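Engineer: Counting from 33, one number per residue, gives the positions in the sequence shown under the numbering used here.
From the three backbone atoms N, C-alpha and C, an ideal C-beta is built for every residue, glycine too.
Here the structure is a predicted model, which is why all the values come from computation and not from measurement.
Shown below is the structure under consideration.
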Amino acid sequence: MQWIISAGRPTAALRGLSFRKSRWGPGIFDAPALMRTRLVVVSELPRTRDTLLVRLMGAGRTLKLAIGDVRALPSNAHERHLALPIMIRLRLEIPADPAKQTKNDREFLMATQDVDRYLQQIHKEGLEKGLEKGLVEGLEKGLEKGLEKGLVEGLERGRKEGRDEGFAQAVLVAYRARFGAPPAALVAAVERARDYAKLQRWLEIVTTRSEDEVIAALRRLRPVKSASRRSPSPPRTSTQR
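Here you go:
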């Protein structure tokens, strides 16, 4: 059975392919039996907590209401954690150039500013942790090689480590929200990727790709073992008698 999700009602397709209302409830339509297909019209789904995550795939007013429903949930609601990767993915798909953004794009960016604030909070926590660590290291180093130089180097290192640690945490949070506990390979890859651009790329992969695609990306990181070649044996020297 395949499911098709449509933001609005495709009237011509419903009529032409003989879809009929499903017993599943409003907004869901069944195709003829041989097609083994159901169609979900997101804009016609009831506004309930059960349909919230699907309604985030809608557009216009439907999406705006769904985002409002996410905000109204308790802070520990599991839907909040599941909705985060969806909203991150949608934000990443919007052009960075304001001239290329549609009215719906701009409305969505305004309505999902909480996502940016959440990522900034993770970044801030990581930065503070990194600064604290850097300050301690800087003081220790400063005692040996000069307090001023040690503090500067320690703070610079702490600032970079804090920023990177914040993004690393965001990658793992997004994976956990979508697929469950992150595999050890992903944790190791994120810990090794102490580079802002690499961590940003991992965040994009985790929030926009399927679980299988994430695993495939991890496999591509594994070093390929080169086959060991045996050195040729030295030629035998024959002794003449």
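Measure the Cβ-Cβ separation of L88 and A109 and say whether it is below 7 Å.
Structural biologist: Translated into the one-based positions of the sequence shown, residue 88 becomes position 56. Translated into the one-based positions of the sequence shown, residue 109 becomes position 77. Against a cut-off of 7 Å, the Cβ pair of A109 and L88 comes out as no contact.
Engineer: Output the boundary residues of the alpha helix (DSSP H) element that contains I37.
Structural biologist: For the purposes of this step, residue 37 is identified with residue 5 of the sequence shown, where counting begins at 1. Per DSSP, I37 lies in no alpha helix (DSSP H); the unbroken beta strand (DSSP E) holding it starts and ends at Q34 to S38.
Engineer: Locate the alpha helix (DSSP H) running through L71, then write down its first and last residues.
Structural biologist: Taking the sequence shown and counting its residues from 1, the one referred to as residue 71 is at position 39. Run containing L71: none in the alpha helix (DSSP H); it sits in the beta strand (DSSP E), T69 to V73.
Engineer: Out of I99, Q145, L97 and V203, which one is the CA nearest neighbour of R241?
Structural biologist: Along the sequence shown, one-based indexing puts residue 241 at 209. In terms of CA proximity to R241, V203 leads the group I99, Q145, L97 and V203.
Engineer: Thinking just about the alpha-carbon of each residue, which of R81, P64 and G59 is nearest to the one in V74?
Structural biologist: The count along the sequence shown starts at 1 and reaches residue 74 at position 42. Checked all of R81, P64 and G59; the closest Cα to V74 is G59.
Engineer: Run through the region 74-123 for me and flag every whole alpha helix (DSSP H) of 4 or more residues, listed as ranges in chain order.
Structural biologist: 84-87 and 92-104
Engineer: With DSSP collapsed to three states, give me the class of A51.
Structural biologist: To locate residue 51, count along the sequence shown from 1; it is residue 19. It is Phe, not Ala, that sits at residue 51 in the sequence shown. Under the three-state reduction of DSSP, F51 is assigned to coil, being neither helix nor strand.
Engineer: Mind checking whether A276 and F51 have CB atoms under 7 Å apart?
Structural biologist: Residue numbering for the chain in the displayed model covers 33 to 273; residue 276 lies beyond these limits and cannot be assessed.
Engineer: Since L105 contacts R112 with CB under 8 Å, what's their CB separation in whole angstroms?
Structural biologist: Residue numbering aside, residue 105 sits at position 73 when the sequence shown is read from its first letter. Residue numbering aside, residue 112 sits at position 80 when the sequence shown is read from its first letter. With a beta-carbon spacing of about 6 Å, L105 and R112 fall inside the 8 Å limit used to define contacts.
Engineer: What residues are listed by DSSP as bridge partners for D62?
Structural biologist: Stepping through the sequence shown from its first residue, residue 62 is reached at position 30. According to DSSP, which records beta bridges pairwise, D62 is partnered with R52 and R70.
Engineer: Applying the 10 Å Cβ sphere with the 16-neighbour rule, what's the burial state of P127?
Structural biologist: Here residue 127 corresponds to residue number 95 of the sequence shown, with the count starting at 1. Looking at its Cβ environment, which holds fewer than 16 other Cβ atoms inside 10 Å, P127 is exposed.
Engineer: Skipping 5 residues on each side, what residues in its chain have a beta carbon closer than 8 Å to that of P215?
Structural biologist: For the purposes of this step, residue 215 is taken as residue 183 along the sequence shown, with counting starting at 1. Only I247 and L250 meet the Cβ criterion.
Engineer: Using alpha carbons as the reference points, say which of R68, E236 and P78 lies closest to W35.
Structural biologist: As a working mapping, residue 35 is identified with position 3 in the sequence shown. When only C-alpha atoms are compared, the closest one is R68.
Engineer: Would you decide whether A44 is buried or exposed? Buried here means 16 or more other CB atoms lie within 10 Å of its CB.
Structural biologist: To locate residue 44, count along the sequence shown from 1; it is residue 12. Answer is exposed; the Cβ neighbour count stays below 16.
Engineer: CA-CA distance, Q145 and T239?
Structural biologist: As a working note, residue 145 is residue 113 in the sequence shown. As a working note, residue 239 is residue 207 in the sequence shown. Their backbone Cα atoms lie some 17 Å apart in a straight line.
Engineer: Check for me: the alpha helix (DSSP H) holding R251 runs from which residue to which?
Structural biologist: Translated into the one-based positions of the sequence shown, residue 251 becomes position 219. Taken as a continuous stretch (DSSP letters only), the alpha helix (DSSP H) holding R251 covers E243 to R251.
Engineer: To the nearest angstrom, report how far apart F211 and R70 are at their CA atoms.
Structural biologist: Sequence index remark: in the sequence shown, residue 211 carries index 179 (1-based). Sequence index remark: in the sequence shown, residue 70 carries index 38 (1-based). Distance between the alpha carbons of F211 and R70 is about 25 Å.
Engineer: Give me the Cβ distance between A206 and P117, rounded to the nearest whole Å; I'm assuming they're in contact under 8 Å.
Structural biologist: Within the sequence shown, numbered from 1, the residue matching residue 206 stands at position 174. Within the sequence shown, numbered from 1, the residue matching residue 117 stands at position 85. The Cβ separation is near 5 Å, so the contact holds.
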